[in-house]
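Heads up, the thing below is written out as structure tokens.
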Amino acid sequence: MLTRKRVIAIILLMIIMLSSIVFIYANSTKNETSAEKVEKRLEHALNDIKVSFQLDDEKMNNYKKITYVDAINMHGDIAREIDNLDQMAPIGCTEPTYYISNGSDEVMILFKTADGTNVMIKSKKIKDTWELSEKKVKGAPILDMNNN
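Note that numbering that gives the first Met the number 0 has the sequence shown beginning at 0, numbered continuously upward.
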């Protein structure tokens, strides 16, 4: 037969286990919500940038969206050029979105600075050199994650 001390110890152990499960679940739900907020924030910023620079679907059909890792894994001069463009994105901006033209002769990054300025930086390969162009337009402010 179980003694009174063992019964109390088992009950306390079960309470601790249940509390731990509830705590873990609550934190995982919070992290998913944060990830969703970040995704919504980035999507809102990218849509604002596309509207600002009139980058409709027809124009964007000439480009393929790529990740930074994909870009760096491409052959030499494209990888270097995308890395150079990426270095131009200031601290505090949204995560840059990378595009490469279907002919692989033009690269473009889009991002929004902390003050809400939309930035499009393009580099086009003409013969053996890359020619840089940059456009900036004041856009909507970056969404506040705490209020969404």
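Glycine included, each C-beta is placed from N, C-alpha and C at the ideal position.
Note that this is a predicted model, so its numbers are computed, not measured.
Own chain partners of residue i with C-beta closer than 8 Å, once the 5 adjacent residues on each side are dropped
i, result
"D76", "K124 and W129"
Proximity winner among the options, relative to residue i (alpha-carbon distances)
i, options, result
"K111", "G138, Y98, A34 and E35", "G138"
"I108", "I15, N83, I141 and D114", "N83"
"A113", "S18, E133 and I90", "I90"
"A78", "K36, S103 and K58", "S103"
"D143", "I7, E133 and V37", "V37"
Same chain only: Cβ atoms within 7 Å of residue i, ignoring 5 sequence neighbours per side
i, result
"L41", "T93 and E94"
"G115", "K137, G138, A139, P140 and I141"
"M44", "The amino acid occupying residue 44 in the given sequence is Ala; Met does not appear at that position. If we look at A44 and ignore the five residues flanking it on each side, its Cβ neighbours are T93, K111 and I141."
"M87", "I120"
"D85", "Y67, P95 and I108"
Cutoff 6 Å; reference residue i; Cβ partners in own chain excluding five residues on either side
i, result
"V136", "S51 and N117"
"Y62", "Y98 and S100"
"L131", "S122"
"V106", "E80, I81, I99 and S122"
Rounded Cβ spacing between residue i and residue j (contact assumed at less than 8 Å)
i, j, result
"T96", "K134", "With a Cβ gap of about 15 Å, T96 and K134 do not count as contacting."
One or two residues paired with residue i in a DSSP bridge
i, result
"N117", "K111 and V136"
"V106", "I99 and S122"
"Y67", "In the DSSP output, where bridge partners are listed per residue, Y67 has none listed."
"L12", "Per DSSP, none; premise fails for L12."
"T2", "BP columns for T2 are empty, so no partner."
(request) Would you check if the region 34-54 and the region 64-75 touch, i.e. whether three or more CB-CB distances between them fall below 8 Å? (result) no
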